[in-house]
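Trainee: Next up is a structure, given as structure tokens.
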Amino acid sequence: KAVVLENAPGNLKLIAPSIQKDLVNSCAKETIDLILSDVKDRYFSIMADEARDVSIKEQMAMVLRYVNDKGQIIERFVGVQHVTDTTSSALKEAIDEFFSSVNLSFSKLRGQGYDGASNMRGEFNGLKTKILREQPCAFYVHCFAHQLQLALVAVAKKNIDVNSFFTTANSLVNVVGASCKRRDALRAQYQEEL
């Protein structure tokens, strides 16, 4: 007889936070294993960016880029790594930990892509330089999406109407977001209008 929610034992704990985390971690491990089996022993590149999450912890997102058996360029998100700070040393250590945890070798790394921050692309002590010391063939490319975003911001600042819109929107988010009471009032007003 199949066990479904209606006839499951009363002590079923599949919705407990620890069980949910285990399920998510199991899915993540299977997904990473599948991606790594596709990468195999091929050359690959890494793309990374760090940001502060909602809990005010620094996190670094990592993406692998490689060419599959069909000659297609594949980009796969492989995880978010907590970093203690955003220095190039801390970011390099996080990448080292990730590579060792999934048995990726720097000998196969052929590219690296990050934003243009000095901790990432610094000539003497940036992340790209630290990786180039270990793997001279891992060429650095400034992320094109980030370059596009920088260009769009520069253009938007030159247009008075667009600049005014974003300045007002930014002020509104800061004023409303800074107070739980204001957020609740805005939600209540929004619910009334619906």
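Residue numbers (full-length UniProt numbering): 1 to 194.
Note that CB positions come from ideal geometry on N, CA and C, so glycine has one too.
Because the structure is a prediction, the values reported are computed rather than measured.
1) By alpha-carbon positions, which one of Asp-38, Phe-124, Gln-81 ends up nearest to Glu-58?
2) Would Val-149 and Lys-128 qualify as a contact pair, given that the criterion is a beta-carbon distance under 8 Å?
3) Count the other C-beta atoms from every protein chain shown that fall within 10 angstroms of the C-beta of Leu-23, then say buried if there are 16 or more, exposed otherwise.
4) Can you name the start and end residues of the alpha helix (DSSP H) that Val-141 belongs to?
5) Could you tell me whether the segment 162–170 touches the segment 130–138, using the rule of 3 or more Cβ pairs below 8 Å?
6) One question on the structure: do Lys-92 and Ile-46 come within less than 8 Å of each other, judged by their Cβ atoms?
7) Using only CA atoms, which one of Ser-88, Asp-49, Asn-163 lies nearest to Cys-143?
8) Which residues mark the beginning and the end of the alpha helix (DSSP H) in which Ile-73 is found?
9) What number of angstroms, rounded off, separates the C-alpha of Phe-98 from the C-alpha of Gln-72?
10) Grouping DSSP H, G and I as helix and E and B as strand, with all else coil, what is Phe-99?
11) Output the distance between the C-alpha atoms of Arg-110 and Val-83, rounded to the nearest integer angstrom.
12) Could you round the C-beta distance between Val-63 and Ile-35 to whole angstroms and report it? I think they count as a contact, below 8 Å.
13) Within 10 angstroms of its Cβ, does Leu-119 collect 16 or more other Cβ (buried), or is it exposed?
14) Taking a contact to mean a Cβ-Cβ separation below 8 Å, would you say Gly-116 touches His-146 in this structure?
Mentor: In this structure, then:
1) Gln-81
2) Note that residue 149 is Gln in the sequence shown here, rather than Val. No.
3) exposed
4) Per DSSP, Val-141 belongs to no alpha helix (DSSP H); it is in the beta strand (DSSP E), 139–142.
5) no
6) no
7) Asp-49
8) Run containing Ile-73: none in the alpha helix (DSSP H); it sits in the beta strand (DSSP E), 73–82.
9) Within the model, the alpha-carbon separation for Phe-98 versus Gln-72 is close to 24 Å.
10) helix
11) 24 Å
12) That belief does not hold up - the Cβ atoms of Val-63 and Ile-35 are roughly 10 Å apart, past 8 Å.
13) Reading off the sequence, residue 119 comes out as Asn, not Leu. Its Cβ being crowded by 16 or more others within 10 Å, Asn-119 is buried.
14) Yes; because the gap between Cβ atoms is below 8 Å, this pair is in contact.
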